[in-house]
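Residue numbers (our numbering), protein chains in the order written: chain A, 2 to 350; chain B, -7 to 350.
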C-alpha cells in the first residue's frame, strides 16, 4: 500500500475501494488503472480480492467470503473481466456477483470516443442505458412441459421495476440528462412490460423537469441505427438492456471501450469492464485497459472525486485522439503498460 | 367457381405450391388489409399502381383498423378471406382496445409461421453502412409472443415464452430450404442459449440438427447481443439468419434501419397454405395518418413480391426494377429519405419509371 507524500499530506481522507482484478488480461489492466490513478493522486487505497466460484453441496454457487466481506465493508468496487467455466455445474460468476450484492441497476454509458472512428462518429453517440438487472427473462426459471415443449418464465415485479426507475431518474437529475425513454414491448407483453411502464410513469411524475416518453423496442432499434444522436437515457427491463447495451457499445467501437456500473442494495456500487478475458493477449500484455479505466472514472464520479476523474479523462482522450500510443484492438501497436505510461505522462504534464 | 391449382413451382418459394387460388375471369383475388395509421395511404398507392399497370389482381379489401375492431365479425371475416384466397397484402393493425392482439391472431390463427425480411443496401440511400444483403428469417407464431401472462401474486407478473421442437424444426428447415433455393451460402442461428438454456437451447439444437441435412450450406450460431453489436460494426458478414420471434423482431428492425428504414424494406410471410406480404418493419406511424407523407416503397415492393408469388413474373419484376430505380436514382425523396415528397409523388414516380421501362 504505497502512499505518495502528496497523498499523505492531503487533508482529504483516503477511500478504501475493493478491486477484483479478474482473469486473463484482468490483472494486467488492473495494474494500469492503479498506475494511472496514482499518477493523478487519486486518494484511493485498493483492497484486492480474488473471485472464483465455489460450488456448495446444496448446488448453489457462491464467491469467497473475503471478497464478499470486502464489498460489504467498502461499498465501492472495481471489477475486471471474469471467466465462467462451462459445464462445471455452477452458475456464471457475473450472475453470482449480481445476486450476492443485490445489483439491481446496470448503467452503461455509450459515448463516441475521439480517435476511434466508427460509421457513427460523425453525428456522435452520447447515450446511457439503464437496465434492470435482477429479473425479467433472466429469472432462470425454465422447464420442459411435455417432451418437445419448453416454457421459459419472464418475471417482472413492481418493486424491481420501481427500483431501477428511481435510480434512472435520480441519475439523470444528478448528471444533467434531460430525457428518459422507456423501451418496451407492451403491445405484445401487455402485463409484464405494462407493469414495468406503470412504475416508470409513477416515478417520472416526481421528476417533472425530465422529459419522459416511451418507445417500442423494435422502433428504437430501427431509429438508433439511423440517428443515435437522438437518444439520451434509455430505461428498460433485463433482456432488452443486455441486447441494447451491446448495440450501443457497437456504435462507439465495441465492448473494449464500454464502461459499466452496477448499483446494489445499501449503497453498494460495483464498476466493471464488460468485455471478455482476452486470454490470447495475456502473454504479450497487449490488452486494452480503457474500458476498465472508464469504469473506474464512473466510480470516481460516484464517489465525488470529479476533478481527478476529469483530469484522467482528459489525458485518456488526448492519447486516443493522437493515435500514437494506442493498443491493437483500436488500430495501434502499443502494449498495455506503454499505453498506461503515456496517459500517466500526460497527467503529470 | 374456378380454381387455379398452383401445380407449377412458385418462384418465390416452393413451400407454398399447390395452393388453391380464387380466380374469376383470369383475375386472382387477393385479400387486402390496409390496417391502421398510414396503412390506408400505402394501400392506395398499390391499388393505383396495379390499376395503371392493368395487373390481373382483384383486391378483396377488408377494413380492419382500430375502429372496426370492436366488431369481432370483421376480424373473423378477414381470417376467412385470407384462408380462402391464400394470399394477402397487409399493413399493420394497432392493438384494439379490448386487449386481443390482432397481428398475433393473424399469425397464430393462420399459422403464418415464417417471416422473411431481406435487407439489401440501396445505392441511392445514404446510410452508415453499404454492401449489406442479409435475410432475416423469424419464427412468427410462438416464443415470447405467446400472450400467456398472469399476475400470480399482486405486483409479480409472469410472462411465458414457449419454444417447441416442432416449430423450431419447421422454421429451421424453412430457413435452410430458403437459403438453398436462393443460392445463399450461410445460415446463422441467433439465440441466447447461454442464459435461456432450455428454451433457446432447444431452438439452437433444432437448427443444428437440420443443418446436418444441408452440408453445402455453412452453419454457425451467434448470441443475440453480439449479433446486434456485429450488425452495427460489420453487417456485411451476415447472410441468412434464423431466429425465434422476439430476436427476429429486433434484428429485422435493426437491419431495416441499416439499409434505409421502414419505408423501403418489404417482407414476405409464409404458412403451409398461405402467403402474406407486408412492409418488413411493422410500424403504423399513427402521428402522420392522413398526411400522405409516408414512403410507399416498402408496401409496393411487398406487392411486387406478391405478384411474383402469383406467377405474374413480368409485372412483378417490372415493378421491383421500377422501385429500385426510383430509390437509387433519388428521383423522388419522401421525408424518411431526406426530402419532402408526398406519398402521391412517390407513387407517380414509380409509375413513370414503370412506363419508361416497359
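Note that CB positions come from ideal geometry on N, CA and C, so glycine has one too.
Residue i CB to nearest chain B CB: under 8 Å?
i, result
"residue 151(A)", "yes"
"residue 158(A)", "yes"
"residue 255(A)", "yes"
"residue 125(A)", "no"
"residue 305(A)", "no"
"residue 10(A)", "With a pLDDT of only 45 at residue 10(A), under 50, the local geometry of the prediction cannot be trusted, and the value read off the model is given with reservation. Not one chain B Cβ lies under 8 Å of residue 10(A)."
"residue 321(A)", "no"
"residue 237(A)", "no"
"residue 166(A)", "no"
"residue 325(A)", "no"
"residue 201(A)", "no"
"residue 1(A)", "The question about residue 1(A) has no answer here: the residues shown for chain A are numbered 2 through 350."
Give the single residue among the options whose Cα lies nearest to the Cα of residue i.
i, options, result
"residue 272(B)", "82(B), 55(B) and 134(B)", "82(B)"
"residue 219(A)", "279(B), 241(B) and 298(B)", "241(B)"
"residue 377(A)", "15(A), 14(A) and 41(A)", "Given a span of 2 to 350 for chain A in the structure shown, any question on residue 377(A) remains unanswerable."
"residue 171(B)", "206(B), 144(B), 192(B) and 153(B)", "206(B)"
"residue 293(B)", "284(B), 318(B), 283(B) and 277(B)", "318(B)"
"residue 189(A)", "326(B), 19(B) and 153(B)", "153(B)"
"residue 51(B)", "77(B), 158(B) and 109(B)", "77(B)"
"residue 145(B)", "152(A), 153(A) and 157(A)", "157(A)"
"residue 245(B)", "275(B), 176(B) and 37(B)", "275(B)"
"residue 352(B)", "41(B), 280(B) and 301(B)", "In the structure as shown, chain B starts at -7 and stops at 350, and residue 352(B) therefore has no counterpart that could be examined."
"residue 225(B)", "231(B), 131(B), 250(B) and 291(B)", "250(B)"
"residue 183(A)", "245(A), 142(A) and 146(A)", "245(A)"
"residue 142(A)", "118(A), 180(A) and 155(A)", "155(A)"
"residue 79(B)", "102(B), 85(B), 86(B) and 66(B)", "102(B)"
Just the C-alpha distance for residue i and residue j, rounded to the nearest angstrom, thanks.
i, j, result
"residue 185(A)", "residue 45(B)", "42 Å"
"residue 338(A)", "residue 122(B)", "37 Å"
"residue 187(B)", "residue 139(A)", "7 Å"
"residue 25(A)", "residue 31(A)", "11 Å"
"residue 37(A)", "residue 343(A)", "10 Å"
"residue 162(A)", "residue 176(A)", "21 Å"
"residue 1(A)", "residue 56(A)", "Shown here, chain A extends from 2 to 350; a query on residue 1(A) therefore has no answer."
"residue 55(B)", "residue 143(B)", "34 Å"
"residue 294(A)", "residue 235(A)", "23 Å"
"residue 284(A)", "residue 49(A)", "22 Å"
"residue 184(B)", "residue 331(B)", "40 Å"
"residue 68(B)", "residue 302(A)", "59 Å"
"residue 297(A)", "residue 279(B)", "43 Å"
"residue 123(A)", "residue 58(A)", "55 Å"
"residue 15(A)", "residue 191(B)", "49 Å"
"residue 164(A)", "residue 106(A)", "8 Å"
"residue 215(B)", "residue 350(A)", "44 Å"
"residue 149(A)", "residue 135(B)", "13 Å"
"residue 90(B)", "residue 273(A)", "Confidence at residue 90(B) is low in this model, with a pLDDT of 43, below 50, so its placement is unreliable and no value can be given for it."
"residue 335(A)", "residue 329(A)", "7 Å"
"residue 81(A)", "residue 22(B)", "59 Å"
"residue 74(B)", "residue 320(B)", "34 Å"
"residue 304(B)", "residue 221(A)", "37 Å"
"residue 342(B)", "residue 315(B)", "6 Å"
"residue 282(A)", "residue 291(B)", "49 Å"
If contacts are defined as beta-carbon pairs under 8 Å, then residue i and residue j qualify, I think. What distance do you get, rounded to the angstrom?
i, j, result
"residue 193(A)", "residue 151(B)", "4 Å"
"residue 299(A)", "residue 260(A)", "5 Å"
"residue 25(B)", "residue 106(B)", "Residue 25(B) to residue 106(B), Cβ: 19 Å. No contact."
"residue 289(B)", "residue 299(B)", "Their Cβ separation, rounded to whole angstroms, is 15 Å, which puts residue 289(B) and residue 299(B) out of contact at 8 Å."
"residue 168(B)", "residue 203(B)", "7 Å"
"residue 113(A)", "residue 125(A)", "5 Å"
"residue 95(A)", "residue 18(A)", "Actually they do not touch by this definition, with Cβ atoms about 20 Å apart."
"residue 211(A)", "residue 174(A)", "7 Å"
"residue 151(A)", "residue 194(B)", "5 Å"
"residue 247(A)", "residue 220(B)", "6 Å"
"residue 242(A)", "residue 132(A)", "2 Å"
"residue 116(A)", "residue 324(A)", "5 Å"
Using a Cβ cut-off of 8 Å (strictly closer), state whether residue i contacts chain A.
i, result
"residue 154(B)", "yes"
"residue 189(B)", "yes"
"residue 286(B)", "no"
"residue 211(B)", "no"
"residue 90(B)", "For residue 90(B), the pLDDT reaches just 43, beneath the cut-off of 50, and the residue's location in the model is therefore unreliable, leaving the point undetermined."
"residue 259(B)", "no"
**Request:** Report the residue ranges of all alpha helix (DSSP H) runs contained in full by the region 27 to 59 of chain A; include only those spanning at least 4 residues, in chain order.
**Result:** Annotation note: the region 27 to 59 of chain A contains the following uninterrupted alpha helix (DSSP H) runs of length 4 or greater, listed N- to C-terminal: 27 to 40.
**Request:** Mind listing, in chain order, the continuous beta strand (DSSP E) runs of no fewer than 3 residues lying wholly within the region 101 to 184 of chain B?
**Result:** Runs of beta strand (DSSP E) with 3 or more residues, each lying fully within the region 101 to 184 of chain B, are found at 106 to 112, 125 to 131, 135 to 145, 148 to 156 and 178 to 183, listed in chain order.
**Request:** Tell me the start and end of each unbroken beta strand (DSSP E) in the region 127 to 210 of chain A that is at least 3 residues and wholly inside, in chain order.
**Result:** The region 127 to 210 of chain A contains these whole beta strand (DSSP E) runs: 127 to 133, 143 to 147, 150 to 158 and 180 to 185.
**Segments of 3+ residues assigned as beta strand (DSSP E) that fall wholly inside the region 211 to 259 of chain B** = Those beta strand (DSSP E) runs which fall completely within the region 211 to 259 of chain B and span 3+ residues are 232 to 235.
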